[in-house]
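Trainee:
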């Protein structure tokens, strides 16, 4: 069953066509990879789907419902969350608080008006400690986010994206600047998220990671999809090799 | 207490209102150079309702607050696409429009044998509520202090709520806040509107205390000071701006003997404070330490 369907998506910036007629479909519970050389429109695609930019043409469907033109906060409401290519955290808040601000109440929650006003509940405490456990940051819960190392900040960002209980997570280069060991841990985390039933949309340059975790991959070049398929077939594709290494 | 001390303390209380209103707007990440206009609108509305329409003092103050709240909402609706410098310019323009138009409005009347009413640059004289009710300086100080305490209590409740949490997030990083599912608009509207209302309340009390208001009182410098209060005091807790007012007015009064050098010394001292406390005295970091000390772990 498809969770996200993108139909003829285009995004123009002035005269530049950053995304040009992109079509793809992501199935429920899948890990979908989007790769391509620098400037090929990967981040723009994420930003358009997450509502940061409006698409110039085309339509986006989440579980059959059209989500074009939704604001980023409305996208969170329908079950989309994301991480950023350049880490975006609240540096002057602690790790715990960074997860706390991202936490969202269930729509049908029964908690009192009082606890809603103060924005806390037991389920919330439990979820946050689970997320701290998931990201391996339990011992740093009270440290300011700005004092974390780069890898830890990436982990915190991932945990925060999960905190809003999404159906679909967009990861924008989660492995950028990570060493081999950290990439391995990240892979484990991505698998754990998939096992929780969350669909993952992965934009990545670290081929080691993408090729190992993705079920399907789409390759972008100059805003156009040039190849699509499982990791092996994409790796063998002539046009992909040309896009990356030249003719 | 000497009369002089009471007057200074009353002034500190009165200007705390405008400081708190600047604080609210800074929390949602904007800088307003227009809070003095709401202060002035509050003062003028009180004077108009009380003198022209003979409304009771409570209604006059309340109506002034409501008008300021609505104008704040209107201002934030009009500037919904603006932020940063452009928002600051728009608020300054709004404030100047108010001040200059008050210079033009003349509608003097006579009441109980005294000249009063709107009279352009000569101002609005004889708002005689404190004389009619025999309230002395100390009494009025207590009134403002009580109202300020009630307001601070409301702030305290607001501070612990999800509203303040989300508003602070919107102020810190708008795009990230949206990506976390927070719609920034209601927070912006509510905070800028409420800031207007609080400033208006302060203005109304100010009009009662001084019994005389003129447009020049609500000029640019009041707006600059309202920001300075918050910047000196820090954005961490609502006590911050109050501390800022205390330092600002207290310092200015205590070096009054320096006469014309007073502002120079004052500017230098503020600069020194900001060198040692760049985020204000009660910065968000110190505030979270205070909260951690007093409250449970939710505010780690």
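Protein chains in written order, with our numbering: chain B, 1 to 247; chain R, 1001 to 1300. Note that CB positions come from ideal geometry on N, CA and C, so glycine has one too.
1) Compare the C-beta of residue 1282 (chain R) with all C-beta atoms of chain B and state if any pair is closer than 7 angstroms.
2) Can you find a CB in chain B that lies within less than 7 angstroms of the CB of residue 1237 (chain R)?
3) If I measure Cβ to Cβ from residue 1298 (chain R) and keep anything under 7 angstroms in the same chain, skipping five residues before and after, which residues do I get?
4) Determine the direct distance from the alpha carbon of residue 1180 (chain R) to that of residue 1001 (chain R), and round the result to whole angstroms.
5) Taking residue 1145 (chain R) as the reference, which of R:1294, R:1289, R:1092 and R:1007 has the closest Cα?
6) Considering only residues of the region 1208-1295 of chain R, which uninterrupted beta strand (DSSP E) runs meet the minimum length of 3 residues and lie entirely inside it, listed in chain order?
7) Alpha carbon to alpha carbon, how far is residue 80 (chain B) from residue 1218 (chain R)?
8) Could you tell me which of R:1109, R:1010 and R:1128 sits nearest to residue 1120 (chain R), measuring between CA atoms?
9) Secondary structure at residue 152 (chain B), three-state DSSP: helix, strand or coil?
10) Give me the subset of the region 76-87 of chain B whose CB atoms are less than 7 angstroms from a CB atom of chain R, sorted by chain position.
11) Quick check on DSSP: helix, strand or coil for residue 1297 (chain R)?
12) Whose Cβ in chain B lies nearer than 7 angstroms to the Cβ of residue 1172 (chain R)?
13) At what residue ranges does the region 166-239 of chain B contain a whole run of the beta strand (DSSP E), taking only runs of 3 or more?
14) Using a Cβ-Cβ cut-off of 7 angstroms, state whether residue 1183 (chain R) counts as contacting chain B.
15) Can you tell me whether residue 1238 (chain R) is buried or exposed, with buried defined as 16 or more other CB within 10 angstroms of its CB?
16) Where does residue 164 (chain B) fall in DSSP's three states?
17) Check this for me: beta carbons of residue 1258 (chain R) and residue 1265 (chain R), under 7 angstroms apart or not?
18) Going by the CB atoms, is the gap between residue 1187 (chain R) and residue 1167 (chain R) shorter than 7 angstroms?
19) Given a cut-off of 7 angstroms, decide if residue 1203 (chain R) and residue 1019 (chain R) are closer than it, judged by their beta-carbon atoms.
20) Determine, for residue 1180 (chain R), whether the minimum Cβ-Cβ distance to residues of chain B falls below 7 angstroms.
21) Which residues in the same chain as residue 191 (chain B) place their Cβ atom closer than 8 angstroms to its Cβ, once the five residues preceding and following it in sequence are excluded?
22) In whole angstroms, what separates the C-alpha of residue 1171 (chain R) from that of residue 1177 (chain R)?
23) Quick check: the region 1062-1081 of chain R against the region 1036-1052 of chain R, are at least 3 beta-carbon pairs closer than 8 angstroms?
24) Measure the beta-carbon distance from residue 17 (chain B) to residue 50 (chain B) and round it to whole angstroms, keeping in mind my assumption that it falls under 8 angstroms.
25) If contact means a Cβ-Cβ distance below 7 angstroms, which residues of the region 137-166 of chain B contact chain R?
26) With DSSP collapsed to three states, give me the class of residue 1186 (chain R).
Mentor: According to the structure shown:
1) Here residue 1282 (chain R) refers to the residue found at position 282 when the second chain is read from its first residue. So no, residue 1282 (chain R) is outside the interface.
2) In the second chain, the residue the question calls residue 1237 (chain R) occupies position 237. No, residue 1237 (chain R) does not count as interfacial toward chain B.
3) Position 298 of the second chain, counted from the start, is the residue given in the question as residue 1298 (chain R). Confidence in residue 1298 (chain R) is poor, its pLDDT being 47 and thus under 50, which makes the residue's placement unreliable; the coordinate value appears in the next sentence. Nothing listed; no residue qualifies.
4) In the second chain, the residue the question calls residue 1001 (chain R) occupies position 1. In the second chain, the residue the question calls residue 1180 (chain R) occupies position 180. Cα to Cα, the separation comes out at about 53 angstroms.
5) Mapped onto the second chain, residue 1145 (chain R) falls at position 145. Of the listed residues, the one whose Cα sits closest to residue 1145 (chain R) is R:1007.
6) none
7) What you label residue 80 (chain B) is simply residue 80 of the first chain in a count that begins at 1. What you label residue 1218 (chain R) is simply residue 218 of the second chain in a count that begins at 1. Using only the alpha carbons, I get a separation of about 48 angstroms.
8) For the purposes of this step, residue 1120 (chain R) is identified with residue 120 of the second chain, where counting begins at 1. The shortest C-alpha separation from residue 1120 (chain R) is found at R:1109.
9) Here residue 152 (chain B) refers to the residue found at position 152 when the first chain is read from its first residue. Looking at residue 152 (chain B) - three-state DSSP - the assignment turns out to be helix.
10) 76, 77 and 82
11) Here residue 1297 (chain R) refers to the residue found at position 297 of the second chain. Its pLDDT being 49, under 50, residue 1297 (chain R) is placed unreliably by the model, and the measurement read from it follows with that caveat. Looking at residue 1297 (chain R) - three-state DSSP - the assignment turns out to be helix.
12) Residue numbering aside, residue 1172 (chain R) sits at position 172 when the second chain is read from its first letter. By Cβ distance, chain B contributes 90.
13) Entirely contained in the region 166-239 of chain B, the beta strand (DSSP E) runs reaching 3 residues are, in chain order, 168-172, 199-203, 216-221 and 224-229.
14) The residue labelled residue 1183 (chain R) in the question sits at position 183 within the second chain. Put simply, the CB of residue 1183 (chain R) is near chain B, with a gap under 7 angstroms to one of its CB atoms.
15) Translated into positions along the second chain, residue 1238 (chain R) becomes position 238. With 16 or more Cβ atoms within 10 Å of its Cβ, residue 1238 (chain R) is classed as buried.
16) For the purposes of this step, residue 164 (chain B) is taken as residue 164 along the first chain, with counting starting at 1. Residue 164 (chain B): coil per DSSP, three-state reduction.
17) By 1-based counting over the second chain, the position of residue 1258 (chain R) is 258. By 1-based counting over the second chain, the position of residue 1265 (chain R) is 265. Yes; because the gap between Cβ atoms is below 7 angstroms, this pair is in contact.
18) On the second chain, position 167 is the one that residue 1167 (chain R) refers to. On the second chain, position 187 is the one that residue 1187 (chain R) refers to. The answer is yes: Cβ separation under 7 angstroms.
19) The count along the second chain starts at 1 and reaches residue 1019 (chain R) at position 19. The count along the second chain starts at 1 and reaches residue 1203 (chain R) at position 203. It is not a contact, given that the beta carbons lie outside the stated cut-off.
20) Translated into positions along the second chain, residue 1180 (chain R) becomes position 180. With respect to chain B, the C-beta atom of residue 1180 (chain R) has a partner C-beta closer than 7 angstroms.
21) What you label residue 191 (chain B) is simply residue 191 of the first chain in a count that begins at 1. If we look at residue 191 (chain B) and ignore the five residues flanking it on each side, its Cβ neighbours are 213.
22) Taking the first residue of the second chain as 1, we reach residue 1171 (chain R) at position 171. Taking the first residue of the second chain as 1, we reach residue 1177 (chain R) at position 177. If I take the Cα positions, the gap works out to 9 angstroms.
23) When C-beta atoms of the region 1036-1052 of chain R are compared with those of the region 1062-1081 of chain R, three or more pairs fall below 8 angstroms, so the two segments count as touching.
24) Taking the first residue of the first chain as position 1, residue 17 (chain B) is located at position 17. Taking the first residue of the first chain as position 1, residue 50 (chain B) is located at position 50. Wrong, their Cβ atoms sit about 20 angstroms apart, outside the cutoff.
25) 142 and 164
26) Numbered from 1 along the second chain, position 186 holds the residue referred to as residue 1186 (chain R). Looking at residue 1186 (chain R) - three-state DSSP - the assignment turns out to be helix.
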